[in-house]
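Q: Below you'll find the structure I mean.
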């Protein structure tokens, strides 16, 4: 993650806080900005989140793995809700899943702040794009890509 990405993500979080009128603690604001900055150049796969968490719990995954799943739930709920719900799921289910993932990761403050962070993200209005990313070694899968907007210059 570069400082440029972090600055762009922080601007998006601040915009979301202003638009939603939700004030995040400094810890939650940093967590949200750093999470967004990480996913600027990493694809996110909002599919099979429930199964992935169950598998992590069964094999007693490391805390950073469950934290990443919580991050993916947060971003997916905010920006890819239609994709999450197209087969009958609900945003409430996936938000709860994200909160549980953060709890398992030992991040109770972030788990408790999930609804506020979700409100901030939903109000931030970034440019979203879903497109297939091709990897020659793997079968083609759809991966979601977050684009913060072409007008941002850092």
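In my numbering, the protein residues as written are 41 to 194. Beta carbons: idealized from backbone N, C-alpha and C, even for Gly. Predicted model only: the values in this text are computed from it and were never measured.
1) Note down the Cα distance separating residue 173 from residue 92, rounded to an integer number of angstroms.
2) Within its chain, find whatever has a CB closer than 6 Å to the CB of residue 75; leave out the 5 residues flanking it on each side and keep chain order.
3) Keeping to the same chain, check which residues put their C-beta closer than 7 Å to that of residue 151; ignore five residues upstream and five downstream.
4) Report yes if the CB atom of residue 221 is closer than 8 Å to the CB atom of residue 119, and no otherwise.
5) Whole angstroms is fine: what's the gap from residue 90's alpha carbon to residue 129's?
6) Just to confirm my understanding: we take residue 60, look at its own chain, exclude 5 residues before and 5 after, and list those with CB closer than 6 Å. What are they?
7) Pull up the distance between the alpha-carbon of residue 252 and that of residue 78, whole angstroms please.
8) Buried or exposed: which applies to residue 135, given that a residue is buried once 16 or more other Cβ atoms fall within 10 Å of its Cβ?
9) For the candidate residues 146, 114, 153, 98, whose alpha-carbon lies nearest to that of residue 133?
10) CA-CA distance, residue 156 and residue 53?
11) To which residues of the same chain is residue 145 closer than 7 Å at the C-beta, ignoring the five residues directly before and after it?
A: Put simply:
1) By 1-based counting over the chain shown, the position of residue 173 is 133. By 1-based counting over the chain shown, the position of residue 92 is 52. Annotation note: pLDDT 48 at residue 173 (below 50); position unreliable, coordinate value reported separately. Taking the straight line from one Cα to the other gives about 20 Å.
2) Indexing the chain shown from 1 puts residue 75 at position 35. Excluding residues within five positions, the ones whose Cβ falls inside 6 Å are 111.
3) The sequence position of residue 151 within the chain shown is 111, counting from 1. 139, 142, 143.
4) Given that the chain is displayed from residue 41 to residue 194, the structure contains no residue 221 and the question cannot be resolved.
5) Counted from its first residue, the chain shown places residue 90 at position 50. Counted from its first residue, the chain shown places residue 129 at position 89. Distance between the alpha carbons of residue 90 and residue 129 is about 10 Å.
6) As a first step, residue 60 is located in the chain shown; it is residue number 20 there, counting from the start. These residues qualify, in order along the chain: 159, 160, 163.
7) Outside the shown range of the chain, which is 41 to 194, sits residue 252, and nothing can be said about it.
8) Here residue 135 refers to the residue found at position 95 when the chain shown is read from its first residue. Under this definition residue 135 is a buried residue.
9) Numbered from its first residue, the chain shown carries residue 133 at position 93. Per the Cα distances, 114.
10) For this step, residue 156 is matched to residue 116 along the chain shown. For this step, residue 53 is matched to residue 13 along the chain shown. Looking at the two C-alpha atoms, the distance is approximately 11 Å.
11) The residue labelled residue 145 in the question sits at position 105 within the chain shown. Excluding residues within five positions, the ones whose Cβ falls inside 7 Å are 103, 106, 107, 110.
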